[in-house]
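Numbering (the numbering used here), first residue to last: 151 to 416. We put the beta carbon where it would ideally sit given N, CA and C, even for glycine. Note that the structure is predicted; figures quoted are calculated from it, not measured. Since the structure comes first, as structure tokens, the remarks are kept for the end.
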């Protein structure tokens, strides 16, 4: 397949913050001004830089790099595996706009019985009112709230799989079920690979059990960490039931032409 051209740009990466400790003068202060923020949980999203990516992503990173957005933090360069533990899974159904129309998401639902979900399962498209000749598409996203083990980020992030990468999310679900263990007790290895079909080229994740070379266990071995991940799981489960989780897809690469993989009921 055709190889994607890459140019080294990592010398332009933002400098890491050296001191992340709460200053002593703040420790006695109340957490004011954050009351309403508790109603919304917007986890950072793990994103692969694509050839179609624009803006700051292409200025700072290479095609195939794994990046955390909106923080613009490099998780893993192209070809380097990283390890993660999924802590909570939920599907979401969206009506999305074509390239050049914002916002990207027109409608969304986490209800599997909703009209949006039914249309996504049937791969329905409708004419875009703002862009004649283009279509809005109903799609399913498979979302895994996860903890990444290789980087200095303790905050849960989201890996989301849709359209041409929908099957990757399905395969991960199968691997989790085969473990016969709590979702938050399982660790997996992800690596970016180049893909190609009749519609074009892109980069996607291969997600497997941890390799022998990595010396990483497929299960969380530390009881304290396991309990922390379990607490995260319960927190996100409660937030999902209250419809508090809002995933941000506005930085998504809206590559037209790539067909959805076969959907599975979730």
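Residue i and residue j closer than 7 Å at C-beta
i: residue 288; j: residue 274; result: yes
i: residue 213; j: residue 207; result: no
i: residue 190; j: residue 396; result: yes
i: residue 320; j: residue 241; result: no
i: residue 221; j: residue 248; result: no
i: residue 306; j: residue 369; result: no
Limits of the beta strand (DSSP E) - the one that residue i falls within
i: residue 339; result: 338-347
i: residue 218; result: 216-219
i: residue 197; result: 195-198
i: residue 257; result: 255-259
i: residue 367; result: Where residue 367 is concerned, there is no enclosing beta strand (DSSP E), given that its DSSP letter is neither H nor E.
i: residue 192; result: That residue, residue 192, is in no beta strand (DSSP E); it is neither H nor E in DSSP.
i: residue 277; result: 275-277
Rounded distance between the beta-carbons of residue j and residue i, thought under 8 Å
i: residue 254; j: residue 399; result: 5 Å
i: residue 236; j: residue 294; result: 4 Å
i: residue 342; j: residue 228; result: 6 Å
i: residue 364; j: residue 233; result: 7 Å
i: residue 345; j: residue 353; result: 7 Å
i: residue 339; j: residue 360; result: 5 Å
i: residue 358; j: residue 301; result: Contact doesn't hold; Cβ gap of about 19 Å is too wide.
i: residue 292; j: residue 266; result: That pair is no contact at about 15 Å.
Per DSSP, cross-strand counterpart(s) of residue i
i: residue 229; result: Partner(s): none; residue 229 has no beta bridge.
i: residue 333; result: Its beta-bridge partners do not exist; DSSP assigns none.
i: residue 397; result: Residue 397 pairs with nothing; no bridge assigned.
i: residue 295; result: 238, 308
i: residue 247; result: Residue 247 is not bridged to any residue.
i: residue 351; result: 346
i: residue 223; result: 218
i: residue 289; result: 244
Whole-angstrom distance between residue j and residue i, CA atom to CA atom
i: residue 387; j: residue 218; result: 22 Å
i: residue 440; j: residue 259; result: Absent from the model: residue 440. The displayed extent of the chain is 151 to 416, so no value can be given.
i: residue 269; j: residue 278; result: 16 Å
i: residue 297; j: residue 280; result: 38 Å
i: residue 371; j: residue 315; result: 30 Å
i: residue 182; j: residue 215; result: 37 Å
i: residue 225; j: residue 283; result: 38 Å
i: residue 416; j: residue 178; result: Unreliable positioning characterises residue 416 in this predicted model, as indicated by a pLDDT of 46, which lies under 50. The coordinate reading is nonetheless provided below. Each residue's alpha carbon lies about 46 Å from the other.
i: residue 333; j: residue 310; result: 16 Å
i: residue 328; j: residue 264; result: 29 Å
i: residue 205; j: residue 373; result: 42 Å
i: residue 276; j: residue 256; result: 12 Å
i: residue 355; j: residue 304; result: 22 Å
i: residue 118; j: residue 180; result: This structure cannot settle anything about residue 118, because the visible part of the chain is limited to 151 through 416.
i: residue 313; j: residue 209; result: 26 Å
i: residue 262; j: residue 172; result: 42 Å
i: residue 331; j: residue 385; result: 19 Å
i: residue 350; j: residue 272; result: 23 Å
i: residue 366; j: residue 197; result: 23 Å
i: residue 250; j: residue 201; result: 17 Å
i: residue 392; j: residue 286; result: 28 Å
Terminal residues of the alpha helix (DSSP H) in which residue i lies
i: residue 363; result: That residue, residue 363, is in no alpha helix (DSSP H); it is neither H nor E in DSSP.
i: residue 377; result: 373-391
i: residue 315; result: No alpha helix (DSSP H) contains residue 315, which DSSP labels as neither H nor E.
i: residue 265; result: 265-271
i: residue 208; result: 205-210
Residue i beta carbon near the ligand GDP (any heavy atom closer than 6 Å)
i: residue 366; result: Looking at this structure, you won't find the ligand GDP or any other ligand, since it has none at all.
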